[in-house]
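Chemist: Protein chains in written order, with this note's numbering: chain W, 1 to 159; chain D, 160 to 1378. Cβ atoms here follow ideal geometry from the backbone N, Cα and C, with glycine treated the same way. Because the structure is a prediction, the values reported are computed rather than measured. Please see the structure below; I have some questions.
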């Protein structure tokens, strides 16, 4: 952070933050370190695994390869912005219900990608669900429960 | 919120009043109430407020063990599940129960916890009996409330004891809290405590939602990655080049020097810490620590070559080993000699990764001689000892606070990073958080060891097994914590871990049987990974018996049962066969669908026997795998997996099911896809493209059969279901194809080669083996890493001969005092500012991280190195003493104020066209910026290019200093565009080829493409290679946003240009686009262009396969496709450009494509584009070359294949590195 850096407005989870940081600062590090959010996780730093997924204007985005300047003026939503422990978003609730996590490190990306998917396509087919999650990696092998969570969330949302 | 209380001590827990604790005292201590609380190991603590805290030395590795342990405690204590909080693996609190390995938490450590909970219940019941004056056997507890049980009724009757008691008129009750009161009750853990019979279980054996998931689903503080402590700094480590190797005298002794000046420009660096081969960086901000890690120049000694790991079996055979006979029964040698059919076989398991989704992370704080480390360790107690040794502290001064981490499935880098954090925290005296990068975790995690299994055996004439002579080779040293080796605390010697013996004996009862484990030191860093050595050993056992069955002419399951004596195993095998509707058969059935897909089914069984030999068994497991094999491509797909498991009593049946499914999916991934690759010195698989794991579209249907055995002891379920995987799948492929695959993974190329070698032909009519053109086929990975340095063949002879001519030295223009900025109007200065951006003055005259316009950027030109000059108005080091005439002369004629010639790297040949008014405005702007004193070095040119006067001649030959005059035959828009593009915009400087003397070529060669800082500057005229033609709209989009739908993103030196153009008004960008479009062919209609683009994209999409059957394609799928495969994966914010339309892919040379992979694309502040990360640290030269080969073949199939790719990557990488 230097005096040369412009003030950048960042809208996260309904709040506006004004940050004096280089526009090239990785969004993930701003969210985690400057805003203290735990939801988005560092997984690879090169956009491959999906652990860091957030929503930008409602669309899934990989926070590790976005820069602060890329999202200035846009709406960023993190896992925390979907819902808290006492106010679970239907997608979060569905993942808890089906135990769609083992270690849970990929869970943020699974939930955020699912939330974006269901907003765009409330009634996805099995193939569409799998395709949407193709580039979200899970190492524990929780795929069966994750797919069940997406189906359940879609069902809840349609009701 | 956290899942687990933090920062409390045993004293905090065990001295509070109003509690009942069950503890294990040290040997010899009898009076536990009077003992030092810190010496007591707590198991269960019941608080008077009704809550229960229970302690276990093991940790939750993401398996849900926290939930299952809480169920056990709640059950035995008769309290509601929600009252129980588990504390796991905190060295300050929990009992020392060893590392969390071998899935033994439930089987081995939980019984003590169960006893402790039962003991607490008995103690409380005894008090209740006294209080209520009712004999204890007549009492019943519900959720910590004790009442009288009515005669004859009990928990098992279905009628609640409490209701019955109330009905009988005795409604007195007492709670645990009332029984404890404000007393401090401490009990020593007893050995003989009656526990509840299974028939009375109400919580154990019923599925319980996992307690950790709500916090995980909402971003609660769960993971060590989320720990933030006051004053915390961020650390990164720089690892040595022998990545993933921890044996040899070079380990810890290879560092030559660290050049701290190389990161001087990065802000907020607190320390660079160097101890032996340990190098770490601490910074105030994480991204700066990361940047410093990637930038720091470190000199290392050459790294010794690894043994040839392409010949893995040879490497394992040649690695020195010590045979250890585990079993020798009957007369093996005699039986082998007399066998009717001798069947020697060799099975090979590759190196594999734990591949945790989150790279390891830790926080450490050393203050007042005490080290506290927040860690995701699998073995906090061992780690405490390691840290004590590393830091020269007593163990008592080290505390490991264990938080969850990404699933590890064995030993990953969790301990390594904790030690790294400790070293950095000590160096800076503040808490430091260290996050490993993806490439570091992949490269350095102790790999699941490769393993070679040889079987000699065979059949007697009657089809019985003559003998079974099994040998296994397992190279590991348990992977000492890395910092101990790097700092030299522990020598990297050839120590050996005896862990190759798991399940080595095998399940079959052969009369003549010998089992030998060859213990050996590691070849590369390797330790335990899920199914440690049992999975490879079982691969051999279960494939071999399948081979025996086929040879004997017997159904494989029936043949197994002839030699399987274990009754529970037999029942499991038979039940699973029934569940899967197994059809007995002999040998390979070679079933083929009409479309040529072969289908097969395979079986395997294992009892996972683990821990120190002879060890003991976890759960029994068996698989029936159904596969489809494409004999054209070699692709193997699992079409169904039926898995059975006997786990004994299942504490949390849903949890068991999830573990089974997780094991099935992970092991399927390992068998089909996973293999660590190596360069000749180090691990090459450093990201998910080169080490792909199973993805959602590949997920097979899984049918889980859980054998109910509630009356048998609970067994470990964390690994068992993995163990039969490889053999079941390989046996299924045999059934489909008749070919035995004894090496893994079953990648398409391995399977295809095996099928062809065995004479299995693709189905008729013969289809192409792959839809990919030959250009995309891989080259064998080269072991040669020789960098071929290009000879700069500058044609300088002509210039040299002119050098003898006497040339004029132009006069100096007198210096002036710096002009007052106030003499220029604000409007003029603002206009000049815009022009300065158009001219890209900032781009060249600003050093990386330097003050704008103060110069200092090094430019490599074919003729030598130029350092750009300071053009701020500093009088001595900048242009403050320059009058306007001096400035104008420089811009138009390329002369310094003092009269010497400037080199045309400064594009005065274009700038000369600028109008007087614009030059004046530019002058005004430059004189108004803050003056910065910054001297820059002179150019480093060699003869004849160091002869500045020669430039006069050059100018006569190549330069016209005339300002712009509009062409009256053209439109105003065209003329404006010409002025901007050809003048200050100086587009031709890069996009026009230069002659031997460095001048832009003219005529038809103008804008026919050039080179900029080693990047292709593509042709903008009719020579354009763009897959669809550029039109005005495309140029406008590209210049305005850095991206065109039909051409991709601005990269390399073009990216900052687009950023500069941001200040230009739309009309000017449109004018530039109009002029640039006029350089090409006659414009096409927008609809026609869109159709062309769509057709190219569709054609490229049609050439994709899943999974793709060449290495470059697979790596593309894992590393690139997420952003470059439109239509695949989720919709992503930003662009998802198809490479089908990218010009660089069409170029004759691969340089730009390779550079983009090495350097990434970093559009500064353009918004919405996203960035492409650099892959330089994640992909090897060979990997980048193979991806490029695939990209060329798939997206530019009509062009010639690129050659010398790997050498080109090496050359470009060296350039990137030295910049």
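#1: Using beta carbons (cut-off 7 angstroms, strictly below), is residue 164 (chain D) in contact with chain W?
#2: How long is the line joining the alpha carbons of residue 616 (chain D) and residue 799 (chain D), rounded to whole angstroms?
#3: Tell me the DSSP secondary structure of residue 1160 (chain D) in three-state form.
#4: Look at the alpha carbon of residue 212 (chain D) and the alpha carbon of residue 859 (chain D), and state the distance between them as a whole number of angstroms.
#5: Looking at chain D, which residues of the segment 126-147 of chain W have a Cβ within less than 9 angstroms of any of its Cβ atoms?
#6: For residue 634 (chain D) versus residue 682 (chain D), is the C-beta spacing smaller than 7 angstroms?
#7: Residues of chain D with a CB under 7 angstroms from the CB of residue 107 (chain W): which are they?
#8: How would you label residue 809 (chain D), buried or exposed, when you count the other beta carbons within 10 angstroms and need 16 or more for buried?
#9: Please say whether residue 631 (chain D) and residue 696 (chain D) have beta carbons closer to each other than 7 angstroms?
#10: Going by DSSP, what residues sit across from residue 520 (chain D) in a beta bridge?
#11: Could you list which residues in chain D have their beta carbon closer than 7 angstroms to that of residue 124 (chain W), in chain order?
#12: Can you round the beta-carbon distance between residue 432 (chain D) and residue 441 (chain D) to whole angstroms, since I take them to be within the 8 angstroms contact cut?
#13: Can you grab the Cα-Cα spacing for the pair residue 384 (chain D) / residue 378 (chain D), in whole Å?
#14: Can you check whether the C-beta of residue 385 (chain D) is within less than 7 angstroms of a C-beta belonging to chain W?
#15: Residue 1198 (chain D): which of D:1313, D:1184 and D:1213 sits nearest, CA to CA?
#16: Once the 5 residues before and after residue 734 (chain D) are set aside, which same chain residues still bring their CB inside 8 angstroms of it?
#17: Is residue 1047 (chain D) buried or exposed, if buried means 16 or more other CB atoms sit within 10 Å of its CB?
#18: Anything in chain W within Cβ reach of residue 515 (chain D), meaning under 9 angstroms, just list it in chain order.
#19: Any C-beta of chain W within less than 8 angstroms: which residues of the segment 1284-1295 of chain D qualify?
#20: What are the residues that DSSP puts in a beta bridge with residue 676 (chain D)?
#21: Does residue 964 (chain D) come within less than 7 angstroms of chain W when only Cβ atoms are used?
#22: Between residue 1274 (chain D) and residue 1356 (chain D), what straight-line distance do the alpha-carbon atoms span, to the nearest angstrom?
#23: For the segment 583-609 of chain D, which residues have a CB atom closer than 7 angstroms to at least one CB atom of chain W, in sequence order?
#24: List the residues of chain D whose Cβ lies closer than 7 angstroms to the Cβ of residue 44 (chain W), in chain order.
#25: Show which residues of chain W have a CB atom less than 8 angstroms away from the CB atom of residue 858 (chain D).
#26: So with CB distances below 7 angstroms, who are the chain A contacts of residue 14 (chain W)?
#27: Of the residues that make up the segment 17-30 of chain W, which ones have a beta carbon closer than 8 angstroms to any beta carbon in chain D?
#28: To which residues of the same chain is residue 556 (chain D) closer than 8 angstroms at the C-beta, ignoring the five residues directly before and after it?
#29: Provide the residue(s) that pair with residue 200 (chain D) in DSSP beta bridges, ordered along the chain.
#30: With a threshold of 16 other CB atoms inside 10 Å of the CB of residue 1254 (chain D), please say whether the residue is buried or exposed.
#31: Apart from the five residues just before and just after residue 659 (chain D), which ones in its own chain have a Cβ nearer than 6 angstroms to its Cβ?
#32: Spell out the partners DSSP gives residue 26 (chain W) in its beta bridges.
#33: Quick one: which residues of the segment 904-928 of chain D get their C-beta closer than 9 angstroms to a C-beta of chain W? List them in chain order.
#34: List the residues that DSSP assigns as beta-bridge partners of residue 205 (chain D).
#35: Taking residue 629 (chain D) as the reference, give the member of D:491, D:1309 and D:586 with the closest Cα.
#36: Do we get a CB-CB distance below 7 angstroms when we pair residue 150 (chain W) with the residues of chain D?
Modeler: Considering the structure as presented:
#1: Cβ-Cβ to chain W under 7 angstroms: no for residue 164 (chain D).
#2: In this structure, the straight-line span from the alpha carbon of residue 616 (chain D) to that of residue 799 (chain D) is close to 32 angstroms.
#3: Three-state result, residue 1160 (chain D): coil.
#4: Cα-Cα distance, rounded: 41 angstroms.
#5: For the segment 126-147 of chain W, the set of residues with a beta-carbon nearer than 9 angstroms to any beta-carbon of chain D comprises 127, 129, 130, 131, 132, 133, 134, 135, 136, 137, 138, 139, 140, 141, 142, 143, 144, 145, 146 and 147, in chain order.
#6: Between residue 634 (chain D) and residue 682 (chain D), the gap from beta carbon to beta carbon is short of 7 angstroms.
#7: Near residue 107 (chain W) (Cβ distances below 7 angstroms), the residues of chain D are 375 and 376.
#8: Looking at its Cβ environment, which holds 16 or more other Cβ atoms inside 10 Å, residue 809 (chain D) is buried.
#9: Cβ distance < 7 angstroms, so residue 696 (chain D) and residue 631 (chain D) count as in contact.
#10: Beta-bridge pairing by DSSP links residue 520 (chain D) to D:594.
#11: Within 7 angstroms of the CB of residue 124 (chain W), no CB atom of chain D is found; the nearest one sits about 11 angstroms away.
#12: Right, the Cβ-Cβ distance comes to about 7 angstroms (below 8 angstroms), so this counts as a contact.
#13: Their Cα atoms are separated by approximately 12 angstroms.
#14: Judged by the 7 angstroms Cβ criterion, residue 385 (chain D) is in contact with chain W.
#15: Ranking D:1313, D:1184 and D:1213 by CA distance to the CA of residue 1198 (chain D) puts D:1213 first.
#16: The beta carbon of residue 734 (chain D) sits closer than 8 angstroms to those of 803, 864 and 866, all from its chain and outside the five residues before and after it, given in chain order.
#17: With 16 or more Cβ atoms within 10 Å of its Cβ, residue 1047 (chain D) is classed as buried.
#18: Those are 103, 105 and 139, listed as they occur along chain W.
#19: Contacts with chain W (Cβ-Cβ distance below 8 angstroms) from the segment 1284-1295 of chain D involve 1287, 1288, 1289, 1290, 1291, 1292 and 1293, listed in chain order.
#20: Per DSSP, D:483 and D:631.
#21: The predicted model places residue 964 (chain D) with a pLDDT of 37, which falls under 50 and marks its position as unreliable, so this point remains unresolved.
#22: If I take the Cα positions, the gap works out to 19 angstroms.
#23: The residues in question are 594, 596 and 597.
#24: Chain D residues near residue 44 (chain W): 597, 846 and 847.
#25: The answer, in chain order, is 130, 143, 144 and 147.
#26: The chain inventory of the structure shown lacks chain A, comprising the protein chains W and D.
#27: Using a CB distance below 8 angstroms, the part of the segment 17-30 of chain W facing chain D consists of 23, 24, 25, 26 and 29, ordered along the chain.
#28: Only 528, 529, 530 and 547 meet the Cβ criterion.
#29: According to DSSP, residue 200 (chain D) bridges with D:183.
#30: Exposed, because fewer than 16 other Cβ atoms sit within 10 Å of the Cβ of residue 1254 (chain D).
#31: Closer than 6 angstroms at Cβ, skipping near neighbours: 631, 633, 676 and 692.
#32: For residue 26 (chain W), which the question treats as bridged, DSSP gives the partners W:67.
#33: Taking 9 angstroms as the Cβ-Cβ cut-off against chain W, none of the residues of the segment 904-928 of chain D qualify.
#34: D:179 and D:211, per the DSSP bridge assignment.
#35: The option with the nearest alpha carbon to residue 629 (chain D) is D:491.
#36: So no, residue 150 (chain W) is outside the interface.
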